[in-house]
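This report concerns only the one structure given below.
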Amino acid sequence: MGTAANFGQGTDDPRQFIVGLARGAAGALLFGVPMLMTMELWQMGFYIDRSRLLLLLLVNIPLLILLARRIGFEKTTGWLQAVRDAVTAYALAIFISAAVLLLFADLRLELSLSAVVGKVAIQAVPASIGALLGRAQLQGGGDSGSDDEEDEGGEADSGTLSSSYSHELFLMAVGALFLNLNVAPTEEIILIAYKMSGFHALACVVVSILIMHGFVYAVAFKGSHELPPDTPWWHALIRFTLPGYVVAMVISLYVLWTFGRLDDTAMMQVLMATIVLSFPGAIGAAAARLIL
Amino acid sequence: MSKTSKPSIESQEPHWIEWATGVVSGLLVLGLIGWVGYDAVTKEQAPPDFRIEATPAEPTSAGYRIRFDITNTSTTTAAAVNVRGEARKADGTVEGAETTFDYVPAGSSASGALIFSQDPTGLVVKIRAAGYTEP
Chain S
1 MGTAANFGQG TDDPRQFIVG LARGAAGALL FGVPMLMTME LWQMGFYIDR
51 SRLLLLLLVN IPLLILLARR IGFEKTTGWL QAVRDAVTAY ALAIFISAAV
101 LLLFADLRLE LSLSAVVGKV AIQAVPASIG ALLGRAQLQG GGDSGSDDEE
151 DEGGEADSGT LSSSYSHELF LMAVGALFLN LNVAPTEEII LIAYKMSGFH
201 ALACVVVSIL IMHGFVYAVA FKGSHELPPD TPWWHALIRF TLPGYVVAMV
251 ISLYVLWTFG RLDDTAMMQV LMATIVLSFP GAIGAAAARL IL
Chain G
1001 MSKTSKPSIE SQEPHWIEWA TGVVSGLLVL GLIGWVGYDA VTKEQAPPDF
1051 RIEATPAEPT SAGYRIRFDI TNTSTTTAAA VNVRGEARKA DGTVEGAETT
1101 FDYVPAGSSA SGALIFSQDP TGLVVKIRAA GYTEP
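Chains as they are written, first to last, in the working numbering: chain S, 1 to 292; chain G, 1001 to 1135.
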């Protein structure tokens, strides 16, 4: 069971490896298809600043490794396995993105090589996260015990920063990034920001935080994030929800900058667009805490 | 996160860094609310107003290009901003060129270019925003 979690690498049975790849491909498709069918992302391939694209592609590598290390692993796997998993997911995502864009007639011979590479590269980032998530979710609940091992290992060396806390923030960042990549390229984000008044923006901040908090603590599945009865409710708000919202805002700012939405834009407009994008970001961050 | 056996992260004794992170985050969010709130209360809603700065014409394979920056100096964003340029020749004939910006956000600038078929250098060139819509 456990070997299927890491694309079946290192096993003698080639079938398990293939099943692992298929699950990753299914995940890449499932999570990547909204972006693969978004016009703005196709166009982004032409004009996205190449150094920002490069940075996004590079940032994605440690993110995938950490994510691979974090989710759905058998106890014995180490960092090397996580690296192999991340690389496999990335490669799978590139292949799936290229194949689907080809299918949709978006990659054509008339395009310059740079445009083709740009189009595929942008899509590969969310799709690679999808490949990892999809594989972890699709394989069923067989090895969910692995998380506990890791967390306990982290808590054993208390005195340094609790590793489960940084994990929690990391998961929120991944969730926010994933949903942000989904919606940030669309024109609607800046359009909404332009339509909003300052009061709308204030309401958006408050609602985002409320949703984020409610998502985890009001509708949480049993046993996942229950507050101890003797702890005041605002403890969790300060320790988890507010840092989570700040993480979502930072990720939103980064994604908007990557897509060139902030260039030559006044500070107030930057802030408004960030607040708008943090709304899905906050939902993604909260969902990641529940699902991953 | 484990769904069954492990005690939830909320029930663990928090490390001081968690409180520090929480307090700093809280201050950031309050600062954000304060900033946006101050802006919302004090900002006067003035209609869009444009300033255009153009560079000299340069020859391209498609004609003579005049690049320009359009800045919206007001506090509201304009959409579908139509910019027209006219090059008036000595014999009175006028060559026009136009382009449209999807958005020129409040207090921000955007760049574009107009392309003329004949060299406008030395002619009277006027570039102005000819219209916009509210987003």
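Here a beta-carbon is modelled for each residue, glycine too, at the ideal position from N, C-alpha and C.
List the whole-angstrom C-beta distance separating Pro34 of chain S from Asn180 of chain S, where the pair is believed to meet the contact cut-off of C-beta under 8 Å.
Position 34 of the first sequence, counted from the first residue, corresponds to residue 34 of chain S. Position 180 of the first sequence, counted from the first residue, corresponds to residue 180 of chain S. That belief does not hold up - the Cβ atoms of Pro34 of chain S and Asn180 of chain S are roughly 13 Å apart, past 8 Å.
Proximity winner among G:Val1081, G:His1015, G:Arg1065, G:Glu1058, relative to Ala1129 of chain G (alpha-carbon distances):
Position 129 of the second sequence, counting from 1, holds the residue named residue 1129 of chain G. Comparing Cα-Cα distances from Ala1129 of chain G to each of G:Val1081, G:His1015, G:Arg1065, G:Glu1058, the minimum goes to G:Val1081.
If you draw a straight line from the alpha carbon of Glu226 of chain S to that of Ser1011 of chain G, how long is it in whole angstroms?
Locating residue 226 of chain S in the first sequence gives position 226, where the first residue counts as 1. Locating residue 1011 of chain G in the second sequence gives position 11, where the first residue counts as 1. Cα to Cα, the separation comes out at about 8 Å.
Does any residue of chain G have a CB that is nearer than 7 Å to the CB of Lys195 of chain S?
Indexing the first sequence from 1 puts residue 195 of chain S at position 195. For Lys195 of chain S, the answer is yes, since a Cβ of chain G falls inside 7 Å of its Cβ.
Is the Cβ-Cβ distance between Lys1043 of chain G and Thr1073 of chain G less than 7 Å?
Sequence index remark: in the second sequence, residue 1043 of chain G carries index 43 (1-based). Sequence index remark: in the second sequence, residue 1073 of chain G carries index 73 (1-based). Not a contact, by the Cβ cut-off of 7 Å.
If you measure from the beta carbon of Glu1044 of chain G to each beta carbon in chain S, is any gap under 7 Å?
Taking the first residue of the second sequence as position 1, residue 1044 of chain G is located at position 44. Among the CB atoms of chain S, none fall inside 7 Å of the CB of Glu1044 of chain G.
With DSSP as the reference, please indicate the residues paired to Gly1131 of chain G in a beta bridge.
Taking the second sequence and counting its residues from 1, one reaches residue 1131 of chain G at position 131. Bridge partners of Gly1131 of chain G: G:Asn1082.
Just confirm the distance between the C-beta atoms of Ala98 of chain S and Leu107 of chain S, as a whole number of angstroms; I'd bet it's less than 8 Å.
Your numbering for residue 98 of chain S matches position 98 in the first sequence. Your numbering for residue 107 of chain S matches position 107 in the first sequence. Indeed they touch by this definition, with Cβ atoms about 7 Å apart.
For Ala1080 of chain G and chain S, any beta-carbon pair shorter than 7 Å?
By one-based count along the second sequence, residue 1080 of chain G stands at place 80. Cβ-Cβ to chain S under 7 Å: no for Ala1080 of chain G.
Using beta carbons (cut-off 7 Å, strictly below), is Val1083 of chain G in contact with chain S?
As a position in the second sequence, residue 1083 of chain G is number 83, starting the count at 1. Closer than 7 Å: no.
Under a CB-based cut-off of 7 Å, is Ser1108 of chain G close to chain S?
Locating residue 1108 of chain G in the second sequence gives position 108, where the first residue counts as 1. For Ser1108 of chain G, the answer is yes, since a Cβ of chain S falls inside 7 Å of its Cβ.
What is the DSSP secondary structure of Ala1062 of chain G, reduced to helix, strand or coil?
By 1-based counting over the second sequence, the position of residue 1062 of chain G is 62. Coil.
Cβ shell of Ile129 of chain S (< 6 Å), same chain only, five flanking positions each side left out
Residue numbering aside, residue 129 of chain S sits at position 129 when the first sequence is read from its first letter. Phe178, listed in sequence order.
With 16 as the cutoff for other CB atoms within 10 Å, does Leu113 of chain S come out buried or exposed?
Translated into positions along the first sequence, residue 113 of chain S becomes position 113. Exposed: under 16 other Cβ atoms inside 10 Å.
Helix, strand or coil for Ile1052 of chain G per DSSP?
By 1-based counting over the second sequence, the position of residue 1052 of chain G is 52. Strand, per DSSP.
Under 8 Å by beta carbon: chain G residues contacting Gln269 of chain S:
Here residue 269 of chain S refers to the residue found at position 269 when the first sequence is read from its first residue. Near Gln269 of chain S (Cβ distances below 8 Å), the residues of chain G are Thr1077, Pro1105, Ala1106, Gly1107, Ser1108.
Just reading off the beta strand (DSSP E) that Ile1115 of chain G is part of, what are its end residues?
Within the second sequence, numbered from 1, the residue matching residue 1115 of chain G stands at position 115. Its beta strand (DSSP E) spans residues 1109–1116.
Let me know the secondary structure DSSP gives Ala1097 of chain G once reduced to three states.
Reading the second sequence from its first residue, position 97 is the one you call residue 1097 of chain G. Looking at Ala1097 of chain G - three-state DSSP - the assignment turns out to be strand.
Using the rule of at least 16 other Cβ atoms within 10 Å of the residue's Cβ for burial, across every protein chain shown, is Ser252 of chain S buried or exposed?
Within the first sequence, numbered from 1, the residue matching residue 252 of chain S stands at position 252. Buried, since its Cβ has 16 or more Cβ neighbours within 10 Å.
Short of 7 Å in beta carbon distance, which residues of its chain neighbour Gln269 of chain S, apart from the five on each side in sequence? Order them along the chain.
In the first sequence, residue 269 of chain S corresponds to position 269, counting from 1. Here the set comprises Ala193.
Suppose the cutoff is 8 Å on Cβ atoms and the five residues either side in sequence are ignored; what does the same chain contact list for Ile48 of chain S look like?
For the purposes of this step, residue 48 of chain S is taken as the residue at position 48 of the first sequence. Cβ within range, chain order: Gly118, Ile122, Thr258, Phe259, Gly260.
Tell me which residues of the region 1036–1060 of chain G have at least one Cβ-Cβ distance to chain S shorter than 7 Å, keeping chain order.
Val1036, Gly1037, Asp1039, Ala1040, Lys1043
Can you confirm whether Leu242 of chain S, when its beta carbon is compared against all beta carbons of chain G, has any partner nearer than 7 Å?
The residue given as residue 242 of chain S occupies position 242 in the first sequence. Yes, because at least one Cβ of chain G sits closer than 7 Å to the Cβ of Leu242 of chain S.
Residues near Leu1027 of chain G in its chain [Cβ-Cβ closer than 7 Å; skip 5 each side]:
Within the second sequence, the letter at position 27 stands for residue 1027 of chain G. Hits under 7 Å: none found.
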